[in-house]
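Residues in the sequence shown are numbered from 87 upward in steps of one, following this note's numbering. Backbone N, C-alpha and C define an ideal beta-carbon position, used for all residues, glycine too. In this text, all values refer to a predicted model and were calculated from it rather than measured experimentally. Structure, as structure tokens:
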Amino acid sequence: MAEISREKLVQALSTAVDPTFEKSLGDLGTLSDVSIEGGRARAKVRVSTPSDQLKRTLGEALEALAKEVGVESLDIEWDVQIPTREATSEDPIPDVKNVVLVMSGKGGVGKSTTAANLALALRRQGTRVGLLDADIYGPSVPTMLGIQGHPMSKDGKRIQPLERFGIKLMSIGFLLEDPTQAIVWRGPMLHGALQQFIADVDWGPLDYLVVDMPPGTGDVALSIAQKAKITGVVMVTTPQEVALQDVYKGVSMCKKLNLPILGVVENMSYFVDPTGQRHELFGAGGGQKVAEFAGAPLLGQVPIETAVREWGDKGTPVVQAAPRSASAEAFTSIAESLAERIAAVHFARGGGEKAPDPSGPKRLRILR
Ligand SMILES: Nc1ncnc2c1ncn2[C@@H]1O[C@H](COP(=O)(O)OP(=O)(O)O)[C@@H](O)[C@H]1O
Ligand SMILES: [Mg+2]
Numbered sequence: 087m088a089e090i091s092r093e094k095l096v097q098a099l100s101t102a103v104d105p106t107f108e109k110s111l112g113d114l115g116t117l118s119d120v121s122i123e124g125g126r127a128r129a130k131v132r133v134s135t136p137s138d139q140l141k142r143t144l145g146e147a148l149e150a151l152a153k154e155v156g157v158e159s160l161d162i163e164w165d166v167q168i169p170t171r172e173a174t175s176e177d178p179i180p181d182v183k184n185v186v187l188v189m190s191g192k193g194g195v196g197k198s199t200t201a202a203n204l205a206l207a208l209r210r211q212g213t214r215v216g217l218l219d220a221d222i223y224g225p226s227v228p229t230m231l232g233i234q235g236h237p238m239s240k241d242g243k244r245i246q247p248l249e250r251f252g253i254k255l256m257s258i259g260f261l262l263e264d265p266t267q268a269i270v271w272r273g274p275m276l277h278g279a280l281q282q283f284i285a286d287v288d289w290g291p292l293d294y295l296v297v298d299m300p301p302g303t304g305d306v307a308l309s310i311a312q313k314a315k316i317t318g319v320v321m322v323t324t325p326q327e328v329a330l331q332d333v334y335k336g337v338s339m340c341k342k343l344n345l346p347i348l349g350v351v352e353n354m355s356y357f358v359d360p361t362g363q364r365h366e367l368f369g370a371g372g373g374q375k376v377a378e379f380a381g382a383p384l385l386g387q388v389p390i391e392t393a394v395r396e397w398g399d400k401g402t403p404v405v406q407a408a409p410r411s412a413s414a415e416a417f418t419s420i421a422e423s424l425a426e427r428i429a430a431v432h433f434a435r436g437g438g439e440k441a442p443d444p445s446g447p448k449r450l451r452i453l454r
């Protein structure tokens, strides 16, 4: 068999396109450590999202290119480098690469469900994740993640977050003697508690800190944004008109506070009955409308499934408990699109870690 030149292989592999940026690995400078021995080749590829879908697509393209130059098998080592936000010297959590707020103008649309499942989906893709329950009035994280207990402090300064399913967790629910007790927060107290949740919790290095936001006005978002630079917002809505008005208000509030909207999630989009028939119980098109209003992509639609509520009540979010269910697959795909959008947004502003090209991607693209 004729010897395959390494140069030829590098040339071929360099033409593969990273779908996040729609640029070739050669242009991005994300291909390295190419070696070849006999018919077997190895290469290292840097990607900016943990998405399995991305690895599949890009991996298949690379294998096909390698085959064309006569390589029998290609071993790819993925180097996942999640891009990071701009942290100022005063930022209390510089090792937290991204802060993502899950919000809506409305209660009961599934913010907490979405936050918990997105956090888990990102974790399951191998990234380091924290989940902060910023719903001071009605914390859901202790129930949804099935965890009680009081966070400790090792040094008397920073609070250790609790941990479950490999996710770091903080909630006001952990600090109450009686989780059912109601607390009346006054403005400054609320502000102080939230800032403490960001600054005084030992989050450690994280790729994503997902924040489950309370419904309503912008004061909580503002308290958090004053402490640390926010990567952006995931806006949750349901399909029906009555919900939309409140969600539009949420979008306007984000614009006023200068919080970029990363994407929209339409929850409770449809219901599939046991015969396989699809019913749009709450109408259709709400998510798309909010996305257009926000100028952001619709990241996905999550069906209504009994499993979502049941597993939520039992303390294991559906992505963890039943990953093959339709709702879990929807959340997983949304998490992939979100990670991709985060990477694209970072590179569009010329930031991130090891920005491959200062001109950034020509066009943002979301998988699926
Ligand atoms: N896709 C879904 N299918 C079935 N039940 C859902 C779904 N999304 C949310 N729920 C349920 O709806 C209720 C409200 O959801 P929650 O996430 O607490 O909303 P929010 O945080 O916006 O108030 C919960 O009981 C939750 O389990
Ligand atoms: Mg909630």
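Pairing Ile122 with Ser137, the inter-Cα distance amounts to about 27 Å.
Relative to ligand 2, even the nearest heavy atom lies 8 Å or more away from the CB of Asp241. Cα atoms of Gln281 and Glu249: separation of roughly 20 Å, rounded to the nearest angstrom. Excluding its 5 nearest sequence neighbours in each direction, Ile390 has C-beta neighbours in its own chain below 6 Å: Met354, Phe357, listed in chain order. Annotation for Ile162: the continuous beta strand (DSSP E) segment containing it runs 159-166. DSSP, read as helix, strand or coil, puts Ile258 in helix.
For the options Thr174, Glu176, Val186, the alpha carbon positioned closest to that of Leu424 is the one of Val186.
Distances from the CB of Pro300 to the heavy atoms of ligand 2 include at least one below 8 Å.
In the DSSP assignment, Glu108 falls outside any beta strand (DSSP E), carrying neither H nor E.
Under the three-state reduction of DSSP output, Thr323 falls in the strand class.
Nearest to Ala416 by C-alpha distance, out of Gly386, Val320, Glu378, Tyr223, is Gly386.
Relative to the Cα of Thr213, the nearest Cα in the group Ile284, Ala205, Ala393 belongs to Ala205. Boundaries of the alpha helix (DSSP H) harbouring Glu396: 392-400, taken from the DSSP string.
If you compare the alpha carbons of Asp113, Ile420, Thr402 with that of Leu231, the shortest gap goes to Thr402. Within the DSSP bridge table, the entry for Leu308 names no partner. Inter-residue distance for Gly349 and Val337 is about 11 Å (C-alpha atoms, whole angstroms).
In this model, Ala202 and Asp298 are separated by some 8 Å (Cα to Cα). Not one heavy atom of ligand 1 falls within 8 Å of the beta-carbon of Asn184. 9 Å or more divides the Cβ of Val287 from the Cβ of Val320. For Ser413, the closest of Trp397, Ala307, Glu426 by C-alpha to C-alpha distance is Trp397. In the structure shown, Glu352 falls within a strand segment according to DSSP collapsed to helix, strand and coil.
Of the candidates Pro169, Asp305, Leu151, Pro169 places its Cα closest to the Cα of His432. At a Cβ-Cβ threshold of 9 Å, Ala147 and Val195 do not count as neighbours. When rounded, the separation of the alpha-carbon atoms in Val394 and Gly362 is 18 Å. Shown here for Ala311: same chain residues with a beta carbon closer than 7 Å to its own, the five before and five after excluded, namely Leu343, Leu345 in chain order. At a threshold of 8 Å, Glu391 counts as near ligand 1, since its beta carbon sits closer than that to one of the ligand's heavy atoms.
The beta carbon of Ala429 is closer than 6 Å to those of Thr106, Ser134, Thr135, Pro169 in its chain, skipping five residues each way along the sequence.
Bounds of any alpha helix (DSSP H) do not take in Val215; it lies within the beta strand (DSSP E) bounded by 215-219.
A Cβ-Cβ separation of about 5 Å places Ile258 in contact with Pro225 under the 8 Å criterion. In the structure shown, Val155 adopts coil according to DSSP, grouped into three states. Residue nearest to Phe379 within the set Val296, Tyr334, Thr418 is Tyr334 (criterion: CA-CA distance). Annotation for Pro228: Gln234, Ser257, Gly259, Phe260, Pro265 place their beta carbon closer than 7 Å to its own, counting only its chain and skipping 5 residues before and after. With a 10 Å radius around the Cβ and a threshold of 16 neighbouring Cβ atoms, Val328 comes out exposed. Sequence-distant partners of Gly242 (beyond 5 residues in either direction) whose C-beta falls short of 8 Å from its own C-beta are missing from its chain.
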